[in-house]
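Asker: Before I ask anything, let me first share the structure, which is written out below as structure tokens.
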């Protein structure tokens, strides 16, 4: 049976010069390379592990070694490990070989590295900015460098160049960035030939807040609160991923009681968001009664969250080493009763939607994202599972989920209906998991959090399968503070999937396609 280190030896046998290999943590292996071998090694991992680029980022280490560092993270599912390649980029030659032509999931990451650090991905097919819009941000300012200082006055320095589709009968329909309702800002530029969409270009970054810069020099407690604000509908998933990174860096063992409470909260977050999306899909095809019914179920979960944690959106629950508040026996009893009630109501909602001929006509075979396309794009999470890609971190790194007989939900067709069915079945599975965790929790006494201290330099990757998909935090600690924090929300991976899913559909079907992905503007625009 092949081992992980055996795979690394295969890489070495292909002529890749590996400077150093070390197991940073039991589930993290770091492989240091020469920059000239970086592209070849990453392409090898991409093919060998069948993994998208899960994260790619840079760090400014010029003070320590006159160089920047570049990192590329792959998920080696069969070995239950994160494979992290890293190489140095000399400060006097800020260039690195682009992966984007061979691995599409590296494309956005490389564009981000270029605009934030001034490191050029050589050979990248599209070097336009992602977050720092040309109309407001001048050239030559790289905010994630350690010596960055924002000038008192900045002047626009260019205009964004949209891709154009030419040909007889092609017309463009620009939508946004300001939209009706409370959704975030994003610009959608449709090219259509008659009714069918032939191209959709999405431009985001309108809510870019410099979050990763804000993390620098934060204390750990302050950083937990900041993680909760990165993407409001995934407050718990983000804060857990951050806490996990710091806990790994400090080799801290989290008490079992805290792990069970965290798992319950993560599944409650999944539940209320899935109900919101099921209702949103119903709204976008005009099925208002079903939408209101789903809203009632969402509200029930939010009120349950409030009772259990004091926060409807599960903020203020996590802390480094555990949780801040214990669920009482009365809380657990209320949780079990409410979950059973919601399950009954959810059964009625499913029947209502799936038995409606007009509803099914709008969602069946609409917005198809085929499995090969999803793999090529590096789609993750719920959207990937709806296209037949069976990846879920709760299965790869079971931890507290071990022993729960967790069932990963997948569909094959990749259409709006498939993404709806994944949500519906995940609601049932999350409810079952909550009951399982609550039963375990009722028999556990003990501490809510482990004592925490971390002064020595360290780094680690935290990863949680939140409701949209994997949330990743790579945290480097120095002098008892955050030195670098890289965040990856699943939305950053999945926006290209929406652009492909709408092709061949009509523009009036875009809202339901969009809602079936329900990607985060804030999670993307860090």
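Numbering (this note's numbering), first residue to last: 52 to 577. Cβ coordinates follow ideal geometry from the N, Cα and C atoms, glycine included.
Expressed to the nearest angstrom, what Euclidean distance is found between the alpha-carbon atoms of residue 62 and residue 121?
Answerer: The count along the chain shown starts at 1 and reaches residue 62 at position 11. The count along the chain shown starts at 1 and reaches residue 121 at position 70. Each residue's Cα considered, the two are about 19 Å apart.
Asker: Flag this pair as touching only if the segment 470-486 and the segment 313-332 have three or more C-beta atom pairs under 8 Å; answer yes or no.
Answerer: The segment 470-486 vs the segment 313-332: in contact.
Asker: Taking residue 258 and residue 573 to be in contact with their CB atoms under 8 Å, please state how far apart those CB atoms are, rounded to whole angstroms.
Answerer: As a first step, residue 258 must be located in the chain shown, where it is residue number 207. As a first step, residue 573 must be located in the chain shown, where it is residue number 522. Right, the Cβ-Cβ distance comes to about 6 Å (below 8 Å), so this counts as a contact.
Asker: Counting pairs of beta carbons, one from the segment 493-508 and one from the segment 283-294, are three or more of them closer than 8 Å?
Answerer: no
Asker: Per the DSSP calculation, residue 289 is bridged to which residue(s)?
Answerer: The residue given as residue 289 occupies position 238 in the chain shown. In DSSP, residue 289 forms no bridge with anything.
Asker: Please tell me whether, using a cut-off of 8 Å, the distance from the CB of residue 247 to the nearest non-hydrogen atom of the ligand NAP is below it.
Answerer: In the structure on display, the ligand NAP does not appear, and there are no ligands present to speak of.
Asker: Give me whichever residues DSSP pairs with residue 135 in a beta bridge.
Answerer: Mapped onto the chain shown, residue 135 falls at position 84. Its beta-bridge partners are 81, 124.
Asker: Output the boundary residues of the alpha helix (DSSP H) element that contains residue 485.
Answerer: Position 434 of the chain shown, counting from 1, holds the residue named residue 485. Looking at the DSSP string, the run of the alpha helix (DSSP H) that includes residue 485 is 467-493.
Asker: Quick one: residues in its chain with C-beta nearer than 6 Å to the C-beta of residue 463, no 5 flanking neighbours on either side, listed in chain order?
Answerer: For the purposes of this step, residue 463 is identified with residue 412 of the chain shown, where counting begins at 1. Hits under 6 Å: 439.
Asker: Determine, using beta-carbon pairs with one atom in the segment 379-386 and one in the segment 399-407, whether at least three such pairs fall under 8 Å.
Answerer: no
Asker: Express the C-alpha separation of residue 98 and residue 422 in angstroms, rounding to a whole number.
Answerer: Walking along the chain shown from the start, residue 422 turns up at place 371. Walking along the chain shown from the start, residue 98 turns up at place 47. So the two alpha carbons sit approximately 16 Å from each other.
Asker: List, from N- to C-terminal side, the beta strand (DSSP E) runs of 3 residues or more that fit wholly inside the segment 277-338.
Answerer: none
Asker: If the criterion is Cβ atoms closer than 9 Å, does the pair residue 474 and residue 433 meet it?
Answerer: Here residue 474 refers to the residue found at position 423 when the chain shown is read from its first residue. Here residue 433 refers to the residue found at position 382 when the chain shown is read from its first residue. The answer is yes: Cβ separation under 9 Å.
Asker: Taking the beta strand (DSSP E) that residue 521 falls in, what are its first and last residues?
Answerer: Here residue 521 refers to the residue found at position 470 of the chain shown. Note, residue 521: beta strand (DSSP E), 521-529.
Asker: List in chain order: all unbroken beta strand (DSSP E) runs of 3+ residues lying wholly within the segment 205-290.
Answerer: Listed in chain order, the complete beta strand (DSSP E) runs (minimum 3 residues) inside the segment 205-290 are 221-226, 238-244, 248-254.
Asker: Along the chain, which unbroken stretches of the alpha helix (DSSP H) at least 4 residues long are found entirely within the segment 128-202?
Answerer: Within the segment 128-202, the alpha helix (DSSP H) runs of at least 4 residues that lie entirely inside it are, in chain order, 158-168.
Asker: List the endpoints of the continuous alpha helix (DSSP H) containing residue 92.
Answerer: One-based indexing of the chain shown puts residue 92 at position 41. First-last of the alpha helix (DSSP H) with residue 92: 89-99.
Asker: What ranges does the alpha helix (DSSP H) occupy inside the segment 431-457, keeping only unbroken runs of at least 4 residues that lie completely in it?
Answerer: 432-437, 444-447
Asker: Evaluate the contact criterion for the segment 241-249 versus the segment 556-568: three or more CB pairs, one atom per stretch, below 8 Å.
Answerer: With a cut-off of 8 Å, the segment 556-568 and the segment 241-249 count as touching, because enough Cβ pairs lie within range.
Asker: Does the pairing of the segment 362-374 with the segment 401-417 give three or more beta-carbon distances under 8 Å?
Answerer: Three or more Cβ pairs closer than 8 Å define a contact, and the segment 362-374 falls short of that threshold against the segment 401-417.
Asker: Could you round the C-beta distance between residue 278 and residue 495 to whole angstroms and report it? I think they count as a contact, below 8 Å.
Answerer: As a working mapping, residue 278 is identified with position 227 in the chain shown. As a working mapping, residue 495 is identified with position 444 in the chain shown. Residue 278 to residue 495, Cβ: 26 Å. No contact.
Asker: Go through its chain and collect everything with a Cβ distance to residue 334's Cβ below 7 Å, but skip five positions before and after it.
Answerer: Here residue 334 refers to the residue found at position 283 when the chain shown is read from its first residue. Contacts found: 342.
Asker: Going by DSSP in three states, residue 68 sits in which element: helix, strand or coil?
Answerer: As a working note, residue 68 is residue 17 in the chain shown. DSSP places residue 68 in coil when its eight states are reduced to three.
Asker: Do residue 349 and residue 389 count as a contact pair if the criterion is CB distance below 9 Å?
Answerer: To locate residue 389, count along the chain shown from 1; it is residue 338. To locate residue 349, count along the chain shown from 1; it is residue 298. No.
Asker: Any chance the segment 77-89 sits against the segment 105-116, with 3 or more Cβ pairs inside 8 Å?
Answerer: When C-beta atoms of the segment 77-89 are compared with those of the segment 105-116, fewer than three pairs fall below 8 Å, so the two segments do not count as touching.
Asker: Residue 154 to residue 430, Cα distance in whole Å?
Answerer: Indexing the chain shown from 1 puts residue 154 at position 103. Indexing the chain shown from 1 puts residue 430 at position 379. Near 12 Å, if we compare the C-alpha coordinates of residue 430 and residue 154.
Asker: Compute the Euclidean distance between the alpha carbons of residue 513 and residue 521, then round it to the nearest angstrom.
Answerer: Taking the chain shown and counting its residues from 1, one reaches residue 513 at position 462. Taking the chain shown and counting its residues from 1, one reaches residue 521 at position 470. In a straight line, the C-alpha of residue 513 is about 10 Å away from that of residue 521.
Asker: In the DSSP assignment, what are the bridge partners of residue 380?
Answerer: The sequence position of residue 380 within the chain shown is 329, counting from 1. Looking at the DSSP assignment, residue 380 forms no beta bridge with any residue, so it has no partner.
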